[in-house]
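Engineer: Please read through the structure below; I'll follow up with questions.
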Amino acid sequence: MGAAASDPPLTPGGSSTRPVPSSDEADIDSITRANPAPQEPDNPDFTYPERLYGDPPTNNHTDIDTLIIVCCHAIFHASPSDSNFPLHSPTLESNWHLAPFQQSNARTAKPGEHTTFLAHITRGLDLLSTSPTSLLVFSGGHTKPTLTSLSEAQSYYNAALAQALSHSPDHAENLQTLFDQHRILLEERATDSFQNLLFSLQLFRQQTGRDARHVLVITHAFKTQRFLKLHAQALGWAGDRIRVEGINPPFSADELDEVVRGEERACREWEEDALGEGEVLGAKRRARGWVEYQSSSFGEV
4 MGAAASDPPL
14 TPGGSSTRPV
24 PSSDEADIDS
34 ITRANPAPQE
44 PDNPDFTYPE
54 RLYGDPPTNN
64 HTDIDTLIIV
74 CCHAIFHASP
84 SDSNFPLHSP
94 TLESNWHLAP
104 FQQSNARTAK
114 PGEHTTFLAH
124 ITRGLDLLST
134 SPTSLLVFSG
144 GHTKPTLTSL
154 SEAQSYYNAA
164 LAQALSHSPD
174 HAENLQTLFD
184 QHRILLEERA
194 TDSFQNLLFS
204 LQLFRQQTGR
214 DARHVLVITH
224 AFKTQRFLKL
234 HAQALGWAGD
244 RIRVEGINPP
254 FSADELDEVV
264 RGEERACREW
274 EEDALGEGEV
284 LGAKRRARGW
294 VEYQSSSFGE
304 V
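Read left to right, the sequence shown gives residues 4 to 304 (the working numbering).
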């Protein structure tokens, strides 16, 4: 769901020179109302593929200026095509493909991290419902091809739909309407946090014909520095135009220490390899289903 593999490479640049809003309010709608979307590309430091840059928008989203990204981290394996789909609750850990470190542990009373993923989904949908100038992107690729053909992004939407059905058919219908109106989009290629941001920015431009004026990333709180200080700057998207709303799993003291150490290692890897194409980060992508024909170099996506 993005540019074709033949597109010319993207080039990372510096920070945006466009004025940013002075408001510190957390409410997205109040910010975006005061800053209407530009009608022309407004970030000269972020170079899009030529085909994307010149094509007309896919949809008539003339008022949309805000991108909400929900970064996906696992796969809810139920599908709406299943006859018993309404019986598959996303609140049950058994309905998710979780990595070992994401699973619950009865000995330590650690809960499964699927509950955190549902919190990310719910927060994204809440923001979308209160901000008529926003698009919501679920971002996550086919990271478990040996287990399922579902992408993380598709599975998050399915989880949202299952959750809505548990409330009422009307809730599910409202969600489906947002999807049909392309207010909810699926970015199904990303295999890491850098690609979550990059491919979602591209998808927003495909849909609207312009850059997002405001970007809000919903992910784990411990990844805030990674997005703001590393990924955004590598893409020339620094400054107040991008924010992170972090929701962590519940940690014990030992778990928190381990996560902090792991994130420090990850940030060092991204500092040394900002585009994620080197030996270490490239290997992680391939382990999550990324294949070389999808991108022989940065930007050929």
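Built from N, CA and C at the ideal position, the CB exists for glycine as well.
#1: Going by the beta-carbon positions, is the gap between Phe338 and Ala156 smaller than 8 Å?
#2: Give me the Cα-Cα distance between Trp99 and Ser152, rounded to the nearest whole angstrom.
#3: For my contact list, Pro93 and Phe104 are in at a C-beta cut-off of 8 Å; report their separation, rounded to the angstrom.
#4: How would you call Val220, buried or exposed, if buried means at least 16 neighbouring beta carbons within 10 angstroms?
#5: Beta-carbon separation of Ile67 and Leu200 under 8 Å?
#6: Given a threshold of 16 other Cβ atoms within 10 Å of its Cβ, counted over all protein chains shown, does Gln184 qualify as buried or as exposed?
#7: Using DSSP's beta-bridge definition, name the partner residues of Cys74.
#8: Identify every run of the alpha helix (DSSP H) within the stretch 131 to 202, keeping only runs that are complete inside it and at least 4 residues long; order them along the chain.
#9: Whole angstroms are fine: how far does the CA of Arg110 sit from the CA of Gly143?
#10: What is the residue span of the alpha helix (DSSP H) that Leu233 lies within?
#11: With Trp293 and Leu233 assumed to form a contact (beta carbons below 8 Å), what rounded beta-carbon distance in angstroms separates them?
#12: Select from His64, Arg208, Asn161 the residue whose C-alpha is nearest the C-alpha of Ser82.
#13: Name the DSSP bridge partner or partners of Gly249?
#14: Given this structure, state the Cα-to-Cα distance separating Pro135 from Val218, to the nearest angstrom.
#15: DSSP three-state call for Asn98: helix, strand or coil?
#16: Measure the CB-CB distance between Thr146 and Thr194 and report whether it falls below 8 Å.
#17: Measuring only the C-alpha atoms, how far is Leu284 from Glu267?
#18: Can you grab the Cα-Cα spacing for the pair Thr125 / Ser196, in whole Å?
#19: Quick check: what's the CA-CA separation for Leu188 versus Phe207?
#20: Taking the beta carbon of Arg264 as the centre, do at least 16 other beta carbons fall within 10 Å, making it buried, or is it exposed?
#21: Measuring only the C-alpha atoms, how far is Arg291 from Ser154?
#22: Going by the DSSP bridge assignment, what does Arg113 pair with across the sheet?
#23: Taking the straight line between their C-alpha atoms, what separation do you get for Ala277 and Ala224?
#24: Taking DSSP as the reference, what is the three-state secondary structure of Arg289?
Structural biologist: If we stick to the structure as given:
#1: Residue 338 lies beyond the residue range present for the chain, which begins at 4 and ends at 304; the question has no answer from this structure.
#2: 14 Å
#3: 19 Å between Cβ atoms; not a contact.
#4: buried
#5: no
#6: exposed
#7: Ser142
#8: 155 to 170, 172 to 183
#9: 31 Å
#10: Premise fails: Leu233 is in no alpha helix (DSSP H) and is neither H nor E.
#11: Not a contact, Cβ separation roughly 19 Å.
#12: Asn161
#13: Thr222
#14: 14 Å
#15: helix
#16: yes
#17: 14 Å
#18: 20 Å
#19: 9 Å
#20: exposed
#21: 11 Å
#22: Note that residue 113 corresponds to Lys in the displayed sequence, not to Arg. The partner list for Lys113 (beta bridge, DSSP) reads Asn108.
#23: 20 Å
#24: helix
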